[in-house]
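Residue numbers (our numbering), protein chains in the order written: chain A, 1 to 228; chain B, 1001 to 1228. To start, the structure under review is shown below, and the notes come after it.
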DNA sequence: TCTGACCGTTACAATAATGTGACATCAATG
DNA sequence: CATTGATGTCACATTATTGTAACGGTCAGA
């Protein structure tokens, strides 16, 4: 029905990383590995379908990372935590992210595969669902659960493309996205559409945003961005 | 607070607590967590519908706690023990006490949800996670015990799939569920069905809901949801 | 075995979303 | 301030998504 699912594993034990990567890739997933939370944050996390996070890595734990992903970035994505069995003291507390599951080390490959499959299936593995239920941009609230925007008392439904473009831009305020980049991220790989298509969708989005469309700006020759 | 079921979890691994709490709450239970048996004893244990007890916690074990609950306090309540994998002795003891169930760590969240549901059902507490005994949506009443819907004076029986889809959506009003997500949550892991199947079941459900099917909405490109 | 409830699949019609070309405006650069 | 490429907008065509009827298979109970 769609492309391969992408998994990011953040785990500082490189050997374990490789084993997991190898095995999940042989299951047909696209797996990328990083070895610290900081490295993970450099990725476009929204582009993955599942995060496998070691609980204990360097400075920032897997929990910390998951928290940032969910709270600050407003992304809801399936997370499986990897925890060492007998290091309970080291386990951090107080995260309220929606961990979908966890698995204790050492684990069997089969175990992991089963867990991954289940979590992905449960989560609906659609292109990076986002949570919030809301995320703010000035006085505009994005309701990621309802796929719409709330402006004052108005609730404005967004179509899929409108929503995805807006969510992408809002996730990175101030950053300019070229039409090519927007197309590459939001449209399927095999469909070919003009870059003018982006403009039209932006126009429709702006119309729905009303006055607040002033936040959604263009820089001639470059692309679109959200004004900070 | 209407008929939601209350669960107390006593478990010293706080991260595990959080995971369990989050996931059970999202299933519609009220979940409270404590991190020791002593703390648990300060609660009004009779007010819970289910106890989830870690077998190994600090001074007093989950078993000790369960024993006191049953013998001294004379409470009959469902208990699920959480045990580490290789402590077989504990298991025996657990069953002598009359544990309703046990689950070995690490367990999948889904496994736990299923176990909780089963135990609650068996114990005579209403039924599954979607328990009410009834839950309201506008003027529609869902009778979770009879697996049907009451619209005005009409009683409309729902088939299993119809009921589960409806219950899932009603539990999270306003949230859009993609077809994949619905399939992942309601269908068994190993069966493979088209996503169009969801549509047809939705259609059948709508027909039974009559006029009130207006609450059960679709958003093109996303999925189905209950209008708030 | 028969029967009917339940459920998955398909086909096609109805609806919503999206893409495109034409043209009007705008913005940057000399 | 004039020119030119970039952007905004509209109407309409095209495509994708959804609703629904119809068919067939399975399974449990009569």
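The beta carbon of each residue, even a glycine, is placed where N, CA and C say it ideally should be.
Handout entry: Nearest neighbour of residue 163 of chain A, chosen from A/198, A/219 and A/205 [CA to CA]
Key = Comparing Cα-Cα distances from residue 163 of chain A to each of A/198, A/219 and A/205, the minimum goes to A/205.
Exercise for the section: Return yes when the Cβ of residue 195 of chain A is within less than 8 Å of the Cβ of residue 180 of chain A, no when it is not. Expected result: Judged by beta-carbon spacing, residue 195 of chain A lies within the 8 Å limit of residue 180 of chain A, meaning their Cβ atoms are closer than that value.
Practice task
Note down, in chain order, all residues in the stretch 1041 to 1061 of chain B with a beta-carbon under 9 Å from any beta-carbon belonging to chain A.
Solution key: Under the 9 Å Cβ criterion, the stretch 1041 to 1061 of chain B contributes no residue.
Problem - Backbone secondary structure at residue 38 of chain A - three-state DSSP - result: Three-state result, residue 38 of chain A: helix.
Handout entry: Cβ neighbour criterion (16 or more within 10 Å) applied to residue 224 of chain A
Key = Buried, by the Cβ-count rule.
Problem - Between the CA atoms of residue 1062 of chain B and residue 1023 of chain B - distance to the nearest angstrom - result: Distance between the alpha carbons of residue 1023 of chain B and residue 1062 of chain B is about 22 Å.
Practice task
Answer with buried or exposed for residue 201 of chain A, where buried requires no fewer than 16 other C-beta atoms within 10 angstroms of its C-beta.
Solution key: Buried, since its Cβ has 16 or more Cβ neighbours within 10 Å.
Handout entry: Reference residue 1041 of chain B; option with closest CA among B/1021, B/1028, B/1056 and B/1066
Key = When each option's Cα is compared against that of residue 1041 of chain B, the closest is B/1066.
Exercise for the section: Pull up the DSSP beta-bridge partners for residue 217 of chain A, would you. Expected result: Answer is A/225, bridged to residue 217 of chain A.
Practice task
Flag residue 1115 of chain B as yes if its beta-carbon sits less than 8 Å from any beta-carbon of chain A, otherwise no.
Solution key: No, residue 1115 of chain B lies away from the interface with chain A (no Cβ there is under 8 Å from its Cβ).
Practice task
Could you check if residue 1020 of chain B is buried or exposed, using at least 16 other CB atoms within 10 Å of its CB as the buried criterion?
Solution key: Counting Cβ neighbours within 10 Å, residue 1020 of chain B comes out buried, since at least 16 surround it.
Exercise for the section: Give the residues of chain A in contact with residue 1189 of chain B, contact being defined as C-beta atoms less than 8 Å apart. Expected result: Near residue 1189 of chain B (Cβ distances below 8 Å), the residues of chain A are 117, 118 and 121.
Practice task
Tell me whether residue 30 of chain A sits in a helix, a strand or coil according to DSSP, three-state version.
Solution key: Looking at residue 30 of chain A - three-state DSSP - the assignment turns out to be strand.
Exercise for the section: Answer with yes or no whether the minimum CB distance from residue 27 of chain A to chain B is below 8 Å. Expected result: Chain B, which has no Cβ nearer than 8 Å to the Cβ of residue 27 of chain A, makes this no.
Problem - Within chain B, partners of residue 147 of chain A - CB distance below 7 Å - result: The contacting residues are 1176, 1219 and 1222.
Handout entry: Residue-level contact to chain B via CB, residue 194 of chain A, 8 Å cutoff
Key = At a cut-off of 8 Å, the C-beta of residue 194 of chain A has no neighbouring C-beta in chain B.
Handout entry: With 16 other Cβ atoms within 10 Å as the buried cut-off, status of residue 1013 of chain B
Key = Its Cβ being crowded by 16 or more others within 10 Å, residue 1013 of chain B is buried.
Problem - First and last residue of the uninterrupted beta strand (DSSP E) at residue 141 of chain A - result: It spans 140 to 143 - the beta strand (DSSP E) in which residue 141 of chain A sits, taken as one unbroken run.
Practice task
Within the same chain, show all residues whose beta-carbon is closer than 6 Å to that of residue 1208 of chain B, passing over the 5 residues directly before and after it, in chain order.
Solution key: In its chain, beyond the 5 residues on either side, 1156 have a beta carbon closer than 6 Å to the beta carbon of residue 1208 of chain B.
Exercise for the section: Would you tell me roughly how many angstroms separate the C-alpha atoms of residue 96 of chain A and residue 220 of chain A, rounded to the nearest one? Expected result: Model confidence at residue 96 of chain A stands at a pLDDT of 36, short of 50, so the residue's coordinates are unreliable; what they give is reported in the following sentence. Roughly 42 Å separates the two Cα atoms.
Exercise for the section: May I ask whether a heavy atom of the ligand MN can be found less than 7 Å away from the beta carbon of residue 1211 of chain B? Expected result: No copy of the ligand MN occurs in the structure displayed, which carries no ligand at all.
Problem - Buried or exposed by the 16-neighbour rule on C-beta atoms within 10 Å, applied to residue 1073 of chain B - result: Exposed.
Handout entry: DSSP state of residue 121 of chain A mapped onto helix, strand, coil
Key = In this structure, residue 121 of chain A counts as helix in the three-state DSSP scheme.
Exercise for the section: To the nearest angstrom, report how far apart residue 1030 of chain B and residue 1005 of chain B are at their CA atoms. Expected result: C-alpha separation (whole angstroms): 6 Å.
Practice task
Determine which residues share a DSSP beta bridge with residue 51 of chain A and list them.
Solution key: DSSP lists A/8 and A/79 as partners of residue 51 of chain A.
Handout entry: Cross-strand partners of residue 149 of chain A (DSSP beta bridge)
Key = Beta-bridge partners assigned by DSSP to residue 149 of chain A: A/142 and A/156.
Handout entry: Segment contact flag, the stretch 48 to 61 of chain A with the stretch 74 to 81 of chain A, C-beta cutoff 8 Å, min 3 pairs
Key = With the cut-off at 8 Å, the stretch 48 to 61 of chain A and the stretch 74 to 81 of chain A touch.
Handout entry: Residues within the stretch 204 to 218 of chain A neighbouring chain B, beta-carbon criterion of under 8 Å
Key = Of all residues in the stretch 204 to 218 of chain A, none places a beta-carbon less than 8 Å from a beta-carbon of chain B.
Problem - Closest Cα partner of residue 199 of chain A within the set A/190, A/212, A/192 and A/218 - result: Checked all of A/190, A/212, A/192 and A/218; the closest Cα to residue 199 of chain A is A/218.
Problem - chain B contact residues for residue 159 of chain A, given Cβ-Cβ distances below 8 Å - result: Think of a sphere of 8 Å around the beta carbon of residue 159 of chain A: the chain B residues whose beta carbon falls inside it are 1220 and 1221, in chain order.
Practice task
Express the C-alpha separation of residue 1165 of chain B and residue 1186 of chain B in angstroms, rounding to a whole number.
Solution key: Going from the Cα of residue 1186 of chain B to the Cα of residue 1165 of chain B covers about 7 Å.
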